[in-house]
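Trainee:
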Amino acid sequence: MNLKSTCEIDKLFEHLSTSLIVVDKYLNIVCVNPAAENLLAMSARRIEEHNVDQLFQGSHEFIQSINNAFDDVYGFSGSGLELFVYSTQKHLKVDAIFTPVPSEAWLIIELTRVDEKLKIEMEDNIVAQQNIMRVLVRGLAHEVKNPLGGIRGAAQLLEGELPDTNLKEYTEVIIGEVDRLQKLVDDLLGPNKPRQKEAVNIHVVLERVRHLVLAESDSALTIIRDYDPSLPELNADQNQLIQAILNIVKNAKQALSGKGSITLRTRSRRNTRIGSSHHRLLAQIEIIDDGPGIDPKMLDQIFFPLVTGRADGTGLGLSISQSLVANHGGLIECSSSPGNTVFTILLPFTN
185 MNLKSTCEID KLFEHLSTSL IVVDKYLNIV CVNPAAENLL AMSARRIEEH NVDQLFQGSH
245 EFIQSINNAF DDVYGFSGSG LELFVYSTQK HLKVDAIFTP VPSEAWLIIE LTRVDEKLKI
305 EMEDNIVAQQ NIMRVLVRGL AHEVKNPLGG IRGAAQLLEG ELPDTNLKEY TEVIIGEVDR
365 LQKLVDDLLG PNKPRQKEAV NIHVVLERVR HLVLAESDSA LTIIRDYDPS LPELNADQNQ
425 LIQAILNIVK NAKQALSGKG SITLRTRSRR NTRIGSSHHR LLAQIEIIDD GPGIDPKMLD
485 QIFFPLVTGR ADGTGLGLSI SQSLVANHGG LIECSSSPGN TVFTILLPFT N
C-alpha cells in the first residue's frame with residue numbers, strides 16, 4: 185500500500201499545526217506535513233531525500249527513540265528531546281510522540297517545539313484574559329454610563345435655575361467632566377456599530393496609517409515599509425483595522441519621542457493556532473520600533489484596559505486594538521527589548 189497515492193497524506197496532514205513525519209522500517213522518510221517543513225526549515229521534497237540517520241545526524245537519543253518505537257506496539261512519548269537537523273545545522277528541543285503503524289511498518293512521529301508549546305499556552309492565556317477583562321470592563325462601563333447621563337442632566341437643569349450667572353462656571357466644570365468620563369466609558373465599551381466586512385488590502389490600511397502618523401510628526405521620525413505584495417486580501421472592516429494599527433503606531437511614535445524609526449512589515453504565516461482555532465494561512469503585520477523598549481514588568485499587562493507606562497496615557501489604545509483584532513479572529517503579540525520592540529498582528533484569511 186502506497187500511503188501517498190491512496191490516502192493523499194499531504195492533504196490529510198496539511199490542516200494540522202503539529203509537525204508530522206512518517207518513516208518506514210528502514211528509517212526512510214515517507215512524507216511530512218507543512219508544519220514539519222516549517223519546523224525543519226526545509227521543503228518536503230528535500231526532507232524526503234534523506235533517511236532519519238542522515239537528516240538528524242548526531243541526534244542519538246531521538247534516533248534511538250525511533251528504533252525503540254518500532255518494537256513498541258503501543259508507542260510512547262518523549263519530552264525535551266534534543267534534535268539536530270544536520271543539513272541546516274539547526275538545533276531544536278522538541279516533545280515527541282511516536283506512534284507505530286504495524287500493519288504498514290510505518291512510524292508516525294509528532295513533534296512540537298518546546299518553545300512553541302510555551303508560546304501556544306501564553307496565547308491561550310492572553311485570549312482567556314482578554315475575554316474575562318472585556319466582560320468585566322463592559323459590565324462596569326454600563327453601570328457607570330447610566331448615572332453619568334443623570335448627573336449631566338441635573339447639572340444642566342441646575343445651570344438654568346441658578347440666579348447668579350457667575351456660578352455657571354461650576355456647572356460647566358461638572359458637565360465637562362461628565363463628558364470626559366462619557367468618552368472614557370465609550371472607549372472602554374469599544375465600537376458598537378456592526379462590522380462592515382469587505383475585501384481589504386492590508387497595505388492600503390498601512391499606508392493610511394503611515395500618512396496619518398507622518399502628517400503630525402516632524403522629519404526626525406522615519407517610517408520604513410517592508411511589504412509582501414503577494415498577500416491576498418482580507419475579509420475585514422477596514423476602519424477597525426486602521427484604528428487598531430494606528431493605536432500601536434502612535435504608541436511607538438510616543439515611545440520614540442518623535443525621533444527614530446518605525447518599520448511596518450507584512451508577511452504570511454502558515455499553520456498557526458489562535459486560541460482553539462487553527463488557521464492554514466494568516467497575514468502577519470509587524471510594527472517595529474527602535475525605542476527604549478517596554479518595562480519587562482509591564483509586558484504581560486499592556487493589553488489590559490487602563491494599564492499604561494506614560495503619565496499622560498489612558499491605557500486604552502492597546503486594549504482597544506486587541507479587541508478590534510479579536511473581532512476579526514486575530515491576535516496581537518508583543519516582544520520587547522531595548523532598541524527592538526515588535527508588535528505582531530495576526531489576522532486569518534477566511535477564504
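Straight run, no breaks: the sequence shown in the working numbering ends on number 535.
A virtual CB, placed ideally from N, CA and C, is assigned to each residue, including glycine.
If you're wondering where the values come from, they're calculated on a predicted model, not measured in any experiment.
State yes or no: is the C-beta of leucine 560 within less than 8 Å of the C-beta of isoleucine 471?
Mentor: Outside the shown range of the chain (185 to 535) lies residue 560, about which nothing can therefore be said.
Trainee: What residue range does the beta strand (DSSP E) around aspartate 410 cover?
Mentor: What you label residue 410 is simply residue 226 of the sequence shown in a count that begins at 1. From DSSP, the beta strand (DSSP E) with aspartate 410 extends over 405–410.
Trainee: Which residue comes first and which comes last in the alpha helix (DSSP H) that contains isoleucine 472?
Mentor: Along the sequence shown, one-based indexing puts residue 472 at 288. No alpha helix (DSSP H) holds isoleucine 472; the beta strand (DSSP E) holding it covers 461–473.
Trainee: According to DSSP, is glycine 262 helix, strand or coil?
Mentor: Here residue 262 refers to the residue found at position 78 when the sequence shown is read from its first residue. Note: glycine 262 maps to strand in three-state DSSP.
Trainee: Which residue marks the beginning of the beta strand (DSSP E) containing serine 520, and which one marks its end?
Mentor: Against the sequence shown, residue 520 aligns to sequence position 336. Where serine 520 is concerned, the enclosing beta strand (DSSP E) stretches over 515–521.
Trainee: Can you pull the DSSP bridge partners for valine 384?
Mentor: The residue given as residue 384 occupies position 200 in the sequence shown. Answer by DSSP bridge pairing, in chain order: Leu418.
Trainee: Could you tell me how far apart the beta carbons of lysine 274 and alanine 225 are, in whole angstroms, since I believe they sit closer than 8 Å?
Mentor: The sequence position of residue 274 within the sequence shown is 90, counting from 1. The sequence position of residue 225 within the sequence shown is 41, counting from 1. That belief holds up - the Cβ atoms of lysine 274 and alanine 225 are roughly 6 Å apart, short of 8 Å.
Trainee: Kindly indicate the opening and closing residues of the beta strand (DSSP E) around serine 445.
Mentor: Taking the first residue of the sequence shown as position 1, residue 445 is located at position 261. First-last of the beta strand (DSSP E) with serine 445: 444–458.
Trainee: What residue from Gln506, Asp370, Gly501 has the CA that sits closest to asparagine 330's CA?
Mentor: Taking the first residue of the sequence shown as 1, we reach residue 330 at position 146. Looking at the Cα atoms, Asp370 is the closest of the given residues.
Trainee: Taking 8 Å as the limit between beta carbons, can you name the residues of its chain near valine 206, skipping five residues before and five after?
Mentor: Working through the sequence shown from its first residue, we reach residue 206 at position 22. Correct list, in chain order: Leu187, Ile193, Ile213, Val214, Cys215, Val216, Trp290, Leu291, Ile292, Ile293.
Trainee: With burial defined as no fewer than 16 other Cβ atoms inside 10 Å of the residue's Cβ, what is the status of alanine 220: buried or exposed?
Mentor: Counting from 1 along the sequence shown, the entry for residue 220 is found at position 36. It counts as buried.
Trainee: The beta strand (DSSP E) that contains proline 284, what's its start and end?
Mentor: Position 100 of the sequence shown, counted from the first residue, corresponds to residue 284. Segment 274–285, the beta strand (DSSP E) holding proline 284.
Trainee: For the alpha helix (DSSP H) holding proline 218, just list the boundary residues, first then last.
Mentor: The count along the sequence shown starts at 1 and reaches residue 218 at position 34. Taken as a continuous stretch (DSSP letters only), the alpha helix (DSSP H) holding proline 218 covers 218–224.
Trainee: So, using beta-carbon positions, are alanine 253 and leucine 265 closer together than 8 Å?
Mentor: The residue you call residue 253 lines up with position 69 of the sequence shown. The residue you call residue 265 lines up with position 81 of the sequence shown. Not closer than 8 Å, so no.
Trainee: Give the secondary structure of glutamate 294 by DSSP, where H, G and I count as helix, E and B as strand, and everything else as coil.
Mentor: Position 110 of the sequence shown holds residue 294. Strand.
Trainee: Where do the ends of the alpha helix (DSSP H) carrying asparagine 252 lie?
Mentor: Here residue 252 refers to the residue found at position 68 when the sequence shown is read from its first residue. Note, asparagine 252: alpha helix (DSSP H), 244–254.
Trainee: Could you tell me whether the Cβ atoms of valine 433 and valine 393 are closer together than 8 Å?
Mentor: For the purposes of this step, residue 433 is identified with residue 249 of the sequence shown, where counting begins at 1. For the purposes of this step, residue 393 is identified with residue 209 of the sequence shown, where counting begins at 1. The answer is yes: Cβ separation under 8 Å.
Trainee: Bridge partners of phenylalanine 268, per DSSP?
Mentor: The sequence position of residue 268 within the sequence shown is 84, counting from 1. Its beta-bridge partners are His275.
Trainee: Can you tell me whether asparagine 431 is buried or exposed? The criterion is at least 16 other CB atoms within 10 Å of its CB, across all chains shown.
Mentor: Here residue 431 is taken as the residue at index 247 of the sequence shown, counted from 1. Flag for asparagine 431 reads buried.
Trainee: Can you tell me where the alpha helix (DSSP H) with leucine 239 in it begins and where it stops?
Mentor: Walking along the sequence shown from the start, residue 239 turns up at place 55. Unbroken alpha helix (DSSP H) run through leucine 239: 236–239.
Trainee: When you compare the segment 410–418 with the segment 474–488, are there three or more beta-carbon pairs, one atom per stretch, that lie closer than 8 Å?
Mentor: no
Trainee: Just how far apart, CA to CA, sit valine 545 and valine 298?
Mentor: There is no way to answer for residue 545, as the model of the chain reaches only from 185 to 535.
Trainee: Provide the residue span of the beta strand (DSSP E) that contains serine 203, from first to last.
Mentor: Numbered from its first residue, the sequence shown carries residue 203 at position 19. Taken as a continuous stretch (DSSP letters only), the beta strand (DSSP E) holding serine 203 covers 203–208.
Trainee: Compare the C-beta of valine 509 with all C-beta atoms of chain B and state if any pair is closer than 8 Å.
Mentor: The structure shown contains no chain B; it is built from a single protein chain.
Trainee: Note down the Cα distance separating glutamate 391 from isoleucine 408, rounded to an integer number of angstroms.
Mentor: In the sequence shown, residue 391 corresponds to position 207, counting from 1. In the sequence shown, residue 408 corresponds to position 224, counting from 1. Straight-line Cα distance between these residues: approximately 11 Å.
Trainee: Tell me the DSSP secondary structure of proline 532 in three-state form.
Mentor: Here residue 532 corresponds to residue number 348 of the sequence shown, with the count starting at 1. If DSSP states are grouped into helix, strand and coil, proline 532 belongs with the strands.
Trainee: Kindly identify the DSSP beta-bridge partner or partners of threonine 525.
Mentor: Here residue 525 is taken as the residue at index 341 of the sequence shown, counted from 1. For threonine 525, which the question treats as bridged, DSSP gives the partners Asp473, Ser520.
Trainee: Do you know whose CA, among Leu239, Pro284, Gly242, His244, lies nearest serine 261's CA?
Mentor: On the sequence shown, position 77 is the one that residue 261 refers to. Out of Leu239, Pro284, Gly242, His244, Pro284 has the C-alpha closest to the C-alpha of serine 261.
Trainee: Let me make sure I understand the geometry here. Which of Ala436, His462, Thr456, Ile458 has the alpha-carbon closest to that of threonine 525?
Mentor: Counting from one through the sequence shown, the residue named residue 525 turns up at place 341. Comparing Cα positions, the closest option is Ala436.
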